[in-house]
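Residue numbers (the numbering used here), protein chains in the order written: chain A, 226 to 337; chain B, 8 to 122.
A virtual CB, placed ideally from N, CA and C, is assigned to each residue, including glycine.
Please read these numbers as outputs of a predicted model, since none were measured by experiment.
Some notes on the structure that comes next.
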Amino acid sequence: SAVISQKPSRDICQRGTSLTIQCQVDSQVTMMFWYRQQPGQSLTLIATANQGSEATYESGFVIDKFPISRPNLTFSTLTVSNMSPEDSSIYLCSVLARIIQFFGPGTRLTVL
Amino acid sequence: GNSVTQMEGPVTLSEEAFLTINCTYTATGYPSLFWYVQYPGEGLQLLLKATKADDKGSNKGFEATYRKETTSFHLEKGSVQVSDSAVYFCALSEGSGGGADGLTFGKGTHLIIQP
Numbered sequence: 226s227a228v229i230s231q232k233p234s235r236d237i238c239q240r241g242t243s244l245t246i247q248c249q250v251d252s253q254v255t256m257m258f259w260y261r262q263q264p265g266q267s268l269t270l271i272a273t274a275n276q277g278s279e280a281t282y283e284s285g286f287v288i289d290k291f292p293i294s295r296p297n298l299t300f301s302t303l304t305v306s307n308m309s310p311e312d313s314s315i316y317l318c319s320v321l322a323r324i325i326q327f328f329g330p331g332t333r334l335t336v337l
Numbered sequence: 008g009n010s011v012t013q014m015e016g017p018v019t020l021s022e023e024a025f026l027t028i029n030c031t032y033t034a035t036g037y038p039s040l041f042w043y044v045q046y047p048g049e050g051l052q053l054l055l056k057a058t059k060a061d062d063k064g065s066n067k068g069f070e071a072t073y074r075k076e077t078t079s080f081h082l083e084k085g086s087v088q089v090s091d092s093a094v095y096f097c098a099l100s101e102g103s104g105g106g107a108d109g110l111t112f113g114k115g116t117h118l119i120i121q122p
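Written as structure tokens, this is what we have:
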């Protein structure tokens, strides 16, 4: 398994601002993923972040809104830019270890 | 595109009852299938998986069989406990390589077990 931590665990932000979420894993992994879970909804994949390459975004998500960094094999960040109340969600990172995705605890974001 | 449909909750059962949570999927090719569980106050964790047709995943008394002919992966448990109260998510990943592709999730089923 993999132990994953996220920072911050929660935040309340004003519209128009940006928030960077950090994801740290306790072992080196090639593939990391970022998901969003809007209130009352399922988890939706935002992007796949592999070390050494640009992140691959799913339909409906763009790099200008959700820039991702992957500087090494144990760390990634997701920035939510120019936030609006519609961005209020739980953001989760996950890593692939032995064909299974393990998830972090999530970051609960509220945008006012 | 891919999609997962699972029964809406909440599902309320008495302790020791039989549990079935239905899950059906739409996918091209031969996806891998997963059940994840989220206990109160905890993160999402893998409960069981199946990577090819007719495979049965099992863990903690839960079972699910990959049925290609009915595109289903129903979760079952013979006798539930209060500690099974949680939100259960059915998910798929394209291809038989496990979770190497991004996961497509169902909406989740909130299970409540009463003593």
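Consult DSSP for A:ASP312 and reduce its assignment to one of helix, strand or coil. The count along the first sequence starts at 1 and reaches residue 312 of chain A at position 87. If DSSP states are grouped into helix, strand and coil, A:ASP312 belongs with the helices.
Positions along the region 257–270 of chain A whose CB lies within less than 9 Å of some CB in chain B: Answer in chain order: PHE258, TYR260, GLN262, GLY265, GLN266, SER267, LEU268, THR269, LEU270.
Could you tell me the distance, in whole angstroms, from the CA atom of A:ALA280 to the CA atom of A:SER294? Within the first sequence, the letter at position 55 stands for residue 280 of chain A. Within the first sequence, the letter at position 69 stands for residue 294 of chain A. So the alpha carbons of these two residues sit roughly 8 Å apart.
Would a check of beta-carbon distances place A:PHE328 closer than 7 Å to chain B? Along the first sequence, one-based indexing puts residue 328 of chain A at 103. Yes, because at least one Cβ of chain B sits closer than 7 Å to the Cβ of A:PHE328.
So, for A:ILE246: in the same chain, excluding its five sequence neighbours on each side, which residues have a beta-carbon less than 6 Å away from its beta-carbon? The sequence position of residue 246 of chain A within the first sequence is 21, counting from 1. Correct list, in chain order: LEU303, TYR316, THR332.
What residue range does the beta strand (DSSP E) around A:PRO296 cover? To locate residue 296 of chain A, count along the first sequence from 1; it is residue 71. Its beta strand (DSSP E) spans residues 293–297.
Chain A beta carbons: is any one of them nearer than 7 Å to that of B:LEU99? Here the question's residue 99 of chain B lines up with position 92 in the second sequence. No, its Cβ sits nowhere closer than 7 Å to a Cβ of chain A.
May I have the straight-line CA-CA distance separating B:ALA57 from B:LEU40, to the nearest angstrom? For this step, residue 57 of chain B is matched to residue 50 along the second sequence. For this step, residue 40 of chain B is matched to residue 33 along the second sequence. Distance between the alpha carbons of B:ALA57 and B:LEU40 is about 5 Å.
Give a yes or no on whether the C-beta atoms belonging to B:GLY16 and B:HIS117 are separated by under 7 Å. To locate residue 16 of chain B, count along the second sequence from 1; it is residue 9. To locate residue 117 of chain B, count along the second sequence from 1; it is residue 110. Yes.
Which residues in chain A have a C-beta closer than 7 Å to the C-beta of B:PHE112? List them in chain order. Position 105 of the second sequence holds residue 112 of chain B. Result: SER267, LEU268.
Could you give the first and the last residue of the continuous beta strand (DSSP E) run that contains B:GLY64? Counting from one through the second sequence, the residue named residue 64 of chain B turns up at place 57. Segment 63–66, the beta strand (DSSP E) holding B:GLY64.
Taking the beta strand (DSSP E) that A:PHE286 falls in, what are its first and last residues? Within the first sequence, the letter at position 61 stands for residue 286 of chain A. Where A:PHE286 is concerned, there is no enclosing beta strand (DSSP E), given that its DSSP letter is neither H nor E.
Inter-residue Cα distance where the pair is B:SER92 and B:LEU20: Within the second sequence, residue 92 of chain B is the residue found at index 85, counting from 1. Within the second sequence, residue 20 of chain B is the residue found at index 13, counting from 1. C-alpha separation (whole angstroms): 10 Å.
Please decide whether A:ILE246 counts as near chain B, where near means a Cβ-Cβ distance under 7 Å. As a first step, residue 246 of chain A is located in the first sequence; it is residue number 21 there, counting from the start. It does not; no Cβ of chain B falls within 7 Å.
Where do the ends of the beta strand (DSSP E) carrying A:ILE271 lie? Along the first sequence, one-based indexing puts residue 271 of chain A at 46. Where A:ILE271 is concerned, the enclosing beta strand (DSSP E) stretches over 268–275.
Just how far apart, CA to CA, sit B:SER100 and A:GLN239? Translated into positions along the second sequence, residue 100 of chain B becomes position 93. Translated into positions along the first sequence, residue 239 of chain A becomes position 14. When the Cα atoms are used, B:SER100 and A:GLN239 turn out to be separated by approximately 35 Å.
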